[in-house]
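Written out below as structure tokens is the structure these notes cover.
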Ligand SMILES: [Zn+2]
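Here it is in structure tokens:
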């Protein structure tokens, strides 16, 4: 019998629970990760330094990282290389984790992701999103060797940041719809395993009646974000978690820097993409209703005004969106609406989904 199977790059350990951070010491002492215990720790401006101090890890050097640029990541990568460290732990939010992932790949050492909030699905993914001179780029990096998410620390993070992870994970449904469209229209191969992970992650969060004040909800959200990262690892790209929703979010951050955050924008982008599907393709009505209800339940934005944009500005971002990800076929590229049609659709969208 032929033994056909594929290997999936995935972390050696995933630890999501209250008090998980206490296990970091033993994770780092795992001799598969570091044989001599030469460990570096990168911390962000948030809770990271306090955690590093509390952990009292012997023989480990702490590096402070500010911001999420390629320059910061390269600087850290050089230090890791010159210090001949065996492994690095990145403790903090999305930016710190992305910077550390990139630096670890550059130094050729394993990286342990210790997430202190749940703002997006980059916690356990083989990509790092970093700022450069002309915007933001997505860089292929090694998957974290271990992922530690302490639900107690997540609970202490700013609630708005934690909630925004909901927008990122439910946007998977829109990304999958785009992928399936590209499969039908362009013959793009759709990976069923990646779709399975991405969809189940979104569905796990979509209908839950509780929110970020509940430990159970935080655990499910954390696991859903890990599963989204695994979907990207299976696909070898961000395809299962990034379609028109993320093209719109990247266009907004490019045109209006500082507006809102990743997860909130992904949620609005997904809802608008579903509006286009229902209006022009006659599909996705139930998903649109569910996503809208979910975003509202978690007090997330649904219309441009919620993120401080007027309809004209949002329409400009939608028109610009396909340029943020050349080669990715989504409902936006498929419909190829004119600027006038986009402007009209944004008006109708606000009427349809506004509170
Ligand atoms: Zn995302």
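In our numbering, the protein residues as written are 31 to 385. Just so you know, even glycine gets a beta-carbon here, dropped at the ideal spot from N, CA and C. As the structure is a prediction and not an experimental result, all values here were calculated from the model.
Looking at residue j and residue i, is the spacing between their C-beta atoms short of 7 Å?
i	j	result
residue 273	residue 360	yes
residue 363	residue 352	yes
residue 54	residue 220	no
residue 200	residue 236	yes
residue 42	residue 153	no
residue 280	residue 354	yes
residue 304	residue 317	yes
residue 130	residue 72	yes
Using 6 Å as the cut-off, classify the Cβ of residue i as near or not near the heavy atoms of ligand 1, replying yes or no.
i	result
residue 328	no
residue 280	no
residue 208	no
residue 364	no
residue 198	yes
residue 296	yes
residue 150	yes
Which of helix, strand or coil does DSSP assign to residue i?
i	result
residue 143	strand
residue 183	helix
residue 45	strand
residue 56	helix
residue 160	strand
residue 69	strand
residue 337	helix
residue 178	strand
residue 304	helix
residue 218	coil
residue 90	strand
residue 63	coil
residue 118	strand
Please name the residue, chosen from the options, that lies closest to residue i on a Cα-to-Cα basis.
i	options	result
residue 91	99, 69, 236	69
residue 183	106, 252, 213	252
residue 122	149, 101, 113, 137	149
residue 347	375, 316, 98, 197	375
residue 336	309, 380, 315, 318	380
residue 94	247, 120, 87	120
residue 80	207, 187, 323	187
residue 138	52, 163, 111	111
residue 284	51, 88, 67, 163	163
residue 242	324, 206, 185	185
residue 342	77, 329, 373, 327	373
residue 226	190, 239, 263	263
residue 146	208, 75, 166	75
residue 45	31, 101, 249, 190	249
If residue i sits next to residue j, beta carbons under 8 Å apart, how far is it from one beta carbon to the other, in whole angstroms?
i	j	result
residue 276	residue 299	7 Å
residue 202	residue 228	4 Å
residue 98	residue 128	6 Å
residue 58	residue 117	7 Å
residue 230	residue 257	7 Å
residue 133	residue 103	5 Å
residue 157	residue 268	6 Å
residue 365	residue 289	Actually they do not touch by this definition, with Cβ atoms about 24 Å apart.
residue 377	residue 333	Not confirmed; about 11 Å, so no contact.
residue 141	residue 172	7 Å
residue 196	residue 328	5 Å
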